[in-house]
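*Asks:* For what it's worth, our numbering labels the leading residue of the sequence shown as 258, then goes sequentially. We put the CB at the ideal spot given by N, CA and C, even for glycine. The model shown is predicted, which means the values in this text are computed figures rather than measured ones.
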Amino acid sequence: MVWNENKFLKELDYLLHLAGADGAQADGKLLYNAVSKAVVADLYADWEENRRRKTRRCGYFSAEFLIGRTIFSNLLNLGILGEVRAALATRGIAIESFEEVEDAALGNGGLGRLAACYLESAATQNIPLDGYGLRYRYGLFKQKFVDGYQKEEADDWLKWGDPWSVRKESERVRVDFADYSVYGVPYDTPVIGYKNGTVNTLRLWQSEPIDAFDFSLFDEMKGEEIAIDNFNATKITAVLYPNDNTDEGKILRLRQQYFMVSASLQDIFKKQKEAGRCLTKLDGDFVFQLNDTHPVLAIPECIRLLEREGIAFDEALGICRKLFHFTNHTIMAEALERWNGEMVKRVLPQIWEIIEKLQKTAEKEGIGDGARAIVKDGVAYMANLAVFVCGKVNGVAEIHTEILKKSTFKDWYTAYPQKFVNVTNGITPRRWMLLNNPKMSAEITARIGEGWQTDLPQIEKLKTFVTDGEFRDAFRRIKTENKRRLSAYIRRHEGVDLPENFLFDVQVKRLHEYKRQLLNALSVLYIYNGIKKGEIKNFKPTAFIFGAKAAPGYYNAKAIIKFINEIAKRVNTDLSVADKLRVVFVQNYNVSYAEKIVCAADVSEQISMAGMEASGTGNMKFMLNGTVTLGTMDGANVEICEEAGVENNYIFGARVEDIETVKKTYSPKEILEKNTRLKACVESLADGTFEDGEGMLKAVYDSLLCGKEADKYLVLYDFESYMRAKFRVNEDYGTEEFVTKSLMNMTKAGKFSADRSVREYAEKIWEL
Ligand code: 26Q
């Protein structure tokens, strides 16, 4: 795409004119739509050209794409962010006004954000990868705090319209359930490579009624039926399920999953036939990556569609074995999807039959029993189905893939060792450095030139500047500026003042007990008590920043939010510690908030119990922005330490190989007997120290001390070693050594580019 300011402004003025407004007086919504549409118009030719290419393509099937805000990253990748800013300025419009545009939060957390990063990285490397997913009417709920409790609100992400997508009415398909049918209408969004002219596609399906306007039914007095049909149809893509790392087995979710894969595959089959290509050779033209088990119904659906074309089951299965690959993102038992057979039979009888046939086939091959069963006692195990059929199965960090092989899929690994590969996650350096930290990016480019933006390992060339006074000053100055900007934003949105000279200690991610925000919370309380009693001296002023959404039905997670908000209230209103401590839990943490936070952090907390966090990707974003990790040897933290050096990070806690032994004799009560200061912090959950109207805090207390599963995630076990690491961070902060450590992380972040991850998928798995 070639930039032409005159043409752009003419188009813009025209679009504004059509909308009955002009330049400075147009409201934000009008402007946003006009600017976006003007850009889409200019990129359409590149997009069409990409579509017509006759290369083998990969379809990335995912129930979630956590895209965030589109406009700035698209303009950045088109290389016209500065130009559009300037052009708008000539009309008296500040481009920053588009920060009011809602995030597209069509995902929960890590898995959905990873999908978004991979699409961008693939486009940037000219790899033919298209996303297939669902166009939820409402994305992940918006979060507010009322009296410290999480309250959810509907996320009306389409409030300002969706000018980047194109509705493809003519490509709609029908999806049949046993009880009713619906249309799937595709909405295509361009996925723009970084300054390379490549435009791939994200295709999101929207469910719509078949007979919205069948008036004959009114004649027959069947108005009610129309209404029901209408409701059923729109319901399917109405809302994203807000669970992260837990499964609920709800029928509507089953419908969503089937709707997504059936629409996608029908669409692909139709085009294949139109192009006169043979369906038995589908794998010559396509390969599909299944983002966790959520799209695994694609396998039986593909078999069904092939059988419908007269291809026998065995041959169809053979084709699927070459077509599909599977990524696992979690080892948590409660997140592994299972479907109740009765339920599947009721809405998708043919699919259930095929699933049972797959079980029989596995049995014949002598691998369908025990831990590998696809169907057992009338329940389908989707991960087992995926591993049985898929050509390759991958974990998302070295340690995670090892756990899959040694434990989660142990028996499968014995049967099919060649299927298992690792692809360590990555993040796109465009959104997570160029866009969110433009000043630091400019300093980097000034020293090592262009190239690192699309070949991140080049950032290691900065190493010679780690000792360079001017560069270190620039780093410090920019970090402080970023902190000031974040601080202003937090003051406005949360009403809490964070002085920029405080150490910014950040933990942002979904709220889950395994991620151990509670460990962090207890440490903050411990430090607060210690400072008040004079037991902790010389503590450098610190701002503890939390951000997290809890699944609406996850009681303990919500209770932990309440706990942290209570601590924040106590600390922030206690003038005696005002020069030492601040605590804030930001509301509605999302991609756009992350962009502001990641570049302003001094330390990144990645403190999951070892073996629980498959990879983590936030850890990589902080690292790239020059932040040290306070973390456990879990997920990609292990590889971060390998790259940047353990000595440049703050590692603590039990290791994976210790966990099992520790748990055998573990007594959380004993720990508290030996550590009375910690005991006081834990007791505060139950002794009325904090307002606990709904008795939520007591539930957290019980989770640590009561029952067989007391302190399942070893919060109290790891506490001491965590405190030691945290105090070391505090001691080092503000020293030259600390700047060096931060910079060592930045210069060694090369491995964690999603460009590398996507290339590994293309080479090891997709064979593109
Ligand atoms: C399943 C069934 C029913 C409803 C919801 C779900 C569900 C939804 C989302 C299950 C899991 C998820 C999300 C999982 C996830 O985000 N996992 C994270 O994936 C990241 C990318 O690989 C990793 O970095 C994180 O470690 C991992 O937790």
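1) At what residues does the alpha helix (DSSP H) containing P557 begin and finish?
2) Give the residues whose C-beta lies closer than 6 Å to at least one heavy atom of the ligand 26Q, in chain order.
3) Mapping the DSSP letters down to three states, classify A320 as helix, strand or coil.
4) Just to confirm my understanding: we take G991, look at its own chain, exclude 5 residues before and 5 after, and list those with CB closer than 7 Å. What are they?
5) Taking the alpha helix (DSSP H) that A825 falls in, what are its first and last residues?
6) Whole angstroms are fine: how far does the CA of N876 sit from the CA of H586?
7) Note down, one range per segment and in chain order, each beta strand (DSSP E) of at least 3 residues found wholly within the region 615-666.
8) Taking the Cβ atom as the reference point for each residue, do Y440 and R431 lie within a distance shorter than 8 Å?
9) Which partner residues of R431 appear in the DSSP bridge assignment?
10) Among residues of its own chain, excluding the 5 on either side of T381, which ones have a beta-carbon nearer than 8 Å to its beta-carbon?
11) Counting only the same chain and skipping the five closest in sequence on each side, list residues whose C-beta sits under 6 Å from that of D754.
12) Only counting the same chain, and skipping five residues up and downstream in sequence, which positions put a Cβ closer than 6 Å to that of Y406?
13) Helix, strand or coil for R934 per DSSP?
14) Can you give me the Cβ contacts of L713 inside the same chain, cut-off strictly under 6 Å, excluding the 5 residues immediately before and after it?
15) I need the boundaries of the alpha helix (DSSP H) containing W304, first residue and last residue.
16) Which same chain residues, not among the five before or five after I631, have their C-beta less than 8 Å away from its C-beta?
17) Rounding to the nearest angstrom, what Cα-Cα distance links K736 and G752 in this structure?
18) What did DSSP end up calling Y989 once you bin it into helix, strand or coil?
19) Measuring straight from C-alpha to C-alpha, what distance separates N307 and K720?
20) Who are E862's beta bridge partners in DSSP?
21) Buried or exposed: which applies to V919, given that a residue is buried once 16 or more other Cβ atoms fall within 10 Å of its Cβ?
22) Within 10 angstroms of the Cβ of Q675, are there 16 or more other Cβ atoms? Answer buried if so, exposed if not.
23) Please confirm whether L547 and F516 have their CB atoms less than 8 Å apart.
24) If you count every other CB in all the chains shown that lies within 10 Å of the CB of L269, and 16 or more means buried, which is it?
25) How would you write the range of the alpha helix (DSSP H) that N457 sits in, first residue to last?
26) CA-CA distance, L971 and Q513?
27) Can you list, in chain order, the stretches of the beta strand (DSSP E) that have 3 or more residues and sit fully within the region 566-621?
28) In three-state terms, what does DSSP make of F759?
29) Spatial neighbours of S293 within its chain, please: CB distance less than 7 Å, with the 5 preceding and 5 following residues excluded, ordered by chain position.
30) Quick one: what's E409 bridged to in DSSP?
31) Expressed to the nearest angstrom, what Euclidean distance is found between the alpha-carbon atoms of N1002 and T884?
32) Below 8 Å, can you find three or more Cβ-Cβ pairs linking the region 794-811 to the region 975-992?
33) By the DSSP assignment, the beta strand (DSSP E) with A362 in it spans what residues?
*Replies:* In terms of the structure at hand:
1) Per DSSP, P557 belongs to the alpha helix (DSSP H) from A555 to R565.
2) With 6 Å as the limit, the residues whose C-beta approaches a heavy atom of the ligand 26Q more closely than that are N365, G366, G367, L368, L371, Y498, N500, D501, N502, D504, E505, R510, H586, T587, A592, E594, V653, N682, E870, A871, S872, G873, T874 and G892, in chain order.
3) Judged by DSSP in its simplified three-state form, A320 adopts coil rather than helix or strand.
4) K797
5) Unbroken alpha helix (DSSP H) run through A825: Y812 to N829.
6) Rounded to whole angstroms, the gap between the alpha carbons of H586 and N876 is 16 Å.
7) Runs of the beta strand (DSSP E) inside the region 615-666: 636-638 and 650-652.
8) yes
9) Y440
10) Around T381, the same chain offers N334, G450, Y451, N453, T455, T685, R687, T711 and D1012 as residues with beta carbons nearer than 8 Å, after the five sequence neighbours per side are excluded.
11) The beta carbon of D754 sits closer than 6 Å to those of R748, all from its chain and outside the five residues before and after it, given in chain order.
12) Apart from sequence neighbours up to five positions away, the residues of its chain that approach Y406 with a beta-carbon distance below 6 Å are K819, ordered along the chain.
13) helix
14) P686, G1007 and S1010
15) Element bounds for W304: G285 to R309.
16) Same-chain partners within the cutoff: I612, L615, Q616, A619, G625, A637, Y638, N641, L642 and F645.
17) Each residue's alpha carbon lies about 22 Å from the other.
18) Note that residue 989 is Asp in the sequence shown here, rather than Tyr. Looking at D989 - three-state DSSP - the assignment turns out to be helix.
19) 38 Å
20) L887
21) Looking at its Cβ environment, which holds fewer than 16 other Cβ atoms inside 10 Å, V919 is exposed.
22) exposed
23) no
24) Of the residues assessed, L269 falls on the buried side of the cut-off, its CB having 16 or more other CB atoms within 10 angstroms.
25) Taken as a continuous stretch (DSSP letters only), N457 belongs to no alpha helix (DSSP H), being part of the beta strand (DSSP E) at V456 to E465.
26) 36 Å
27) Within the region 566-621, the complete beta strand (DSSP E) runs of at least 3 residues are 581-584 and 595-597.
28) coil
29) I328, P420 and W421
30) Q400
31) 7 Å
32) yes
33) Per DSSP, A362 belongs to the beta strand (DSSP E) from A361 to L363.
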